[in-house]
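Numbering (our numbering), first residue to last: 17 to 90.
Ideal Cβ placement from N, Cα and C applies to all residues, glycine included.
From a predicted model like this one, the values you see are computed outputs, not experimental measurements.
To start, the structure itself, in structure tokens.
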Amino acid sequence: MHNAIDENASDGAKNLHITPSQITKVLIEAAPKTAVLSHFMNRSLKNQQLFKKSLIKSLKSNVVFAEDGLKINL
């Protein structure tokens with residue numbers, strides 16, 4: 017799932033990418049064992065750890081923030 021923008025991004029950006037609250041809503045509904053988030057833009061990196069902490073509190077899922085070269089065993 018892509019997390020490319022901050023919650024307070026412009027409406028134009030919100031039409032192209034998903035916000036943290038939208039990601040949380042989808043993941044609560046889907047209840048995956050592991051959620052892998054990717055496609056981060058520089059403007060969202062400063063809040064990435066806060067967002068991850070928030071997700072972990074809201075979910076029963078493992079949360080992984082993908083990086084180039086990441087390998088996940090299924």
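| Item | Value |
| --- | --- |
| Do you know how far the Cα of Ser77 is from the Cα of Phe67? | 14 Å |
| When burial is assigned at 16 or more other CB atoms within 10 Å of the CB, is Thr35 buried or exposed? | buried |
| Considering only DSSP beta bridges, list what Ala51 is partnered with. | Val79 |
| With Ile72 as the anchor, note down where its alpha helix (DSSP H) starts and where it stops. | 64 to 74 |
| Could you tell me which of Gly85, Val80, Leu75 sits nearest to Thr40, measuring between CA atoms? | Leu75 |
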